[in-house]
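Mapping of the sequence shown onto this note's numbering: residues 25 to 157, in sequence order. Note that beta-carbon positions come from the ideal geometry of N, C-alpha and C, so glycine has one too.
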Amino acid sequence: MNVYEHILQQIYGKPQLLIDEKRLFLNAIYERVVIAITTEQLNSGKIYKAVLEEMEKDNDLRLWINGSKPYNQYAFYVKTAIKLGVPFTVVHSKRASPFGLVLATVSVPSNVNNPFIEDHHFHFDAEDVLEAS
25 MNVYEHILQQ IYGKPQLLID EKRLFLNAIY ERVVIAITTE QLNSGKIYKA VLEEMEKDND
85 LRLWINGSKP YNQYAFYVKT AIKLGVPFTV VHSKRASPFG LVLATVSVPS NVNNPFIEDH
145 HFHFDAEDVL EAS
């Protein structure tokens, strides 16, 4: 790193990778997402067993929660994460995310082809999200 790059890094901070992807997935990157449920799914009040099962079987996970939602909509997942020792972060962002909850691996790619639970509450249109960004 030359002096100019060092000065820029001191002024602007360390360069970020995949910024839009992290905003979309509540600070996780897609290749690490194990399960993602939309805000509509979180609003439904349904408890998604797949999220709980993943938290029980893997200890290299972090739970990312959309902080724009009321606590009572995600309280069960927080309590379960605490009980199972899964770290979690409530993300408060100026940009809206279509996801209410994202469970992602911390250090390695998840190898999950489709991390979405596609039920009748599921709605995700990538084009809508990209246009809103």
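Less than 9 Å separating the beta-carbons of residue i and residue j?
i, j, result
"Glu29", "Pro133", "no"
"Arg86", "Phe112", "yes"
"Ala128", "Ala74", "no"
"Val139", "Val27", "Per the sequence shown, residue 139 should be read as Pro rather than Val. No, the pair does not count as a contact, with Cβ atoms beyond the cut-off."
Near residue i, what residues of its chain come up, given a Cβ to Cβ distance below 8 Å and the 5 sequence neighbours on each side ignored?
i, result
"Leu66", "Asn90, Lys93, Gln97, Tyr98, Gly124, Leu125"
"Tyr72", "Ile59, Ile61, Gln65, Ile141"
State the CB to CB distance for the pair residue i and residue j, rounded to an integer number of angstroms; the pair is presumed to be in contact (CB under 8 Å).
i, j, result
"Leu108", "Glu78", "Between Glu78 and Leu108 the Cβ distance is about 10 Å, and since that is not below 8 Å, they are no contact."
Skipping 5 residues on each side, what residues in its chain have a beta carbon closer than 6 Å to that of residue i?
i, result
"Val110", "Met79, Leu85, Leu87"
"Val136", "Val58"
"His116", "Gly91"
Whose CA, out of the options, lies closest to the CA of residue i?
i, options, result
"Asp82", "Ser131, Ile31, His147, Thr63", "Ser131"
"Tyr95", "Ala105, Gln33, Ile106, Val114", "Val114"
Going along the chain, which residues of its own chain have a beta-carbon closer than 7 Å to the beta-carbon of residue i, five neighbours each way excluded?
i, result
"His147", "Thr62, Glu64"
"Glu32", "Strictly speaking, residue 32 in this sequence is Leu, with Glu absent from that position. There are no such residues."
Indicate, with yes or no, if the ligand SAH has a heavy atom lying under 8 Å from the CB of residue i.
i, result
"Ile35", "You won't find the ligand SAH in this model; it holds no ligand whatsoever."
* Can you find at least 3 beta carbon pairs, one from the region 136-144 and one from the region 103-121, that sit closer than 8 Å? -> They do not touch, by the three-pair rule.
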